[in-house]
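>
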Amino acid sequence: MLIALCSLKGSPGVTTTALALAARWPAEQTPVVVECDPAGGDLAARFRLPSTPGLVSLAAAARKSMEASVLWQHVQRLPAGLTVVAGPVGAEQARAALGILAPRGTSVLRAAGDQPGVVVLADCGRVDPGSTTLPIIRAADAMVLFAHARDDELSHVASKIRTAATWNPRPGFVLVGDGYPTTEVEHELHIGVLDRIPHDPKGAAVLCGYRRSGPSPDHSALGRAALRLASGLGFMHRPHGAPSASPRVGGHLAAAAPANQPDVPVGTPQPPQQWQSSADGTRP
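Mind the numbering: the sequence shown is residues 1 to 284 in UniProt numbering, read in order.
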C-alpha cells in the first residue's frame, strides 16, 4: 500500500504524524516513511542521520532500476526502530532528487507498496498544483490531507479543495489540534473529515526525539489517534491489483456525516470518511 500524506498550507505536523502512523501501524504490516517534501526533510536533522542512504541515493538508484527491492537499499532506522528514507535538509537538493525520483520513482514506491504486508508512507509536505510530488500523490492508493482547524489553514483548504480532489481518487481529510468542531468544518466546507489528530506536544516530542522522557506512542494521545487512523486506512485501502480483503462502501470511503450530527469529541473512534467536492461545491 502507498499512502501520500500532505498539506495545502501551514505546518500541521505531517512528518510527525507520518512517524506516529508508522509507530502504530498494525503489526501484520511493515511501514516505511519516505520523506518526499520539496521544501527539504526534517528527519536527518532531528535524529542526526547521515545524508546517505536516503532520498538522494534512492533517486540516483531509480535511474537504473524500478524494482521494489531498491527502496529497501536506501532506508535507515531511527532509534525507536522506525524505518525511514530521509530527505535532504536543503530544498534545492530535495527538489532535484524529487525531479528525478517522481517520474521514475513512482514505480519504485508503487512496487514497494505493492509488496504483501508493506505500507509506504510518502510524506509529501506542502503541495500545490505545480508540486514535484504530484506524480507520487497520483500513484498512491490514498491521499491524506492535513490541516489545523483554524481560519488561516481552513481558508486555503476551502479555496483549493476542488483542485486537490482531482489529485487522487481516494482523498481523505484530517483535522489537527484544537479549533473549530469537526462537524462545523464538515458543514461549512461541505467535506467529510476522516479523523482528527489531537494537540499532543509531549507525545510528539518523544516521537521526534526531542525528549527522552514522556509517553511512548503506545500510550500518548497522538499515538492513540495514529492507531485509529492507521487501522482505518489499512482496512479501507488495498494495493493496486490485489483482491480486496475487506468490504468497501460503494467503492469509496464513506461520505461525510450529516451536518446536524452532534460533534464527536477527539478520541472517539469513528468510521473512515471520504471528502469529495462536487461541481457546485455541495455535499455529494
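We put the beta carbon where it would ideally sit given N, CA and C, even for glycine.
Taking only three categories from DSSP, how would you classify H219?
coil
> Whose C-beta lies closer than 6 Å to the C-beta of L189 among residues of the same chain, with five residues either side of it excluded?
If we look at L189 and ignore the five residues flanking it on each side, its Cβ neighbours are A158.
> Return helix, strand or coil for R228, following the three-state DSSP convention.
helix
> What are the start and end residues of the beta strand (DSSP E) that includes G203?
Note, G203: premise wrong, no beta strand (DSSP E); alpha helix (DSSP H) at P201 to L207.
> I need the DSSP call for D151, collapsed to helix, strand or coil.
The DSSP-derived three-state label of D151 is helix.
> What does DSSP give as the partner residue(s) for F173 in the beta ladder?
L145
> Take the Cβ of T163 as the centre, count every other Cβ of all protein chains shown within 10 Å, and call the residue buried at 16 or more, exposed below.
exposed
> From the DSSP output, which residues share a beta bridge with D115?
As written in the sequence, residue 115 is Gln, which differs from the Asp given in the question. DSSP output for Q115 lists no bridge partner at all.
> Tell me whether T74 is buried or exposed, calling it buried when 16 or more other Cβ atoms sit within 10 Å of its Cβ.
Rather than Thr, the amino acid found at residue 74 in this sequence is His. Flag for H74 reads buried.
> Give the C-beta separation of P88 and G117 to the nearest angstrom, bearing in mind that I take them to be a contact with Cβ-Cβ under 8 Å.
Contact flag wrong, Cβ pair sits at about 29 Å.
> Use the C-beta contact count for A204: other C-beta atoms within 10 angstroms, 16 or more gives buried, fewer gives exposed.
Its Cβ being crowded by 16 or more others within 10 Å, A204 is buried.
> Given a threshold of 16 other Cβ atoms within 10 Å of its Cβ, counted over all protein chains shown, does P79 qualify as buried or as exposed?
exposed
> Quick check on the burial criterion: 16 or more other C-beta atoms within 10 angstroms. Buried or exposed for A45?
Exposed.
> Which first and last residues belong to the alpha helix (DSSP H) in which L5 is found?
Run containing L5: none in the alpha helix (DSSP H); it sits in the beta strand (DSSP E), L2 to S7.
> Taking the CB atoms as reference points, tell me whether V102 and D37 lie closer together than 8 Å.
It is worth fixing the name first, because residue 102 is Ala in this sequence and not Val. No, the pair does not count as a contact, with Cβ atoms beyond the cut-off.
> Using only alpha-carbon positions, find the residue among W72, T132 and S57 that is nearest to G113.
W72
> Go to P31, then tell me how far its alpha helix (DSSP H) extends in each direction, as first and last residue.
Taken as a continuous stretch (DSSP letters only), P31 belongs to no alpha helix (DSSP H), being part of the beta strand (DSSP E) at T30 to E35.
> Could you tell me the alpha carbon to alpha carbon distance between T15 and E35, rounded to whole angstroms?
8 Å
> Sorted by chain position, which residues of the same chain lie with C-beta nearer than 8 Å to T30's C-beta, five sequence neighbours on each side aside?
T83, G117, V118 and V119
> Assuming L121 and I197 form a contact by the criterion Cβ under 8 Å, report the distance between their Cβ atoms to the nearest whole angstrom.
Actually they do not touch by this definition, with Cβ atoms about 14 Å apart.
> The alpha helix (DSSP H) spanning I136 covers which residue range?
L134 to A139
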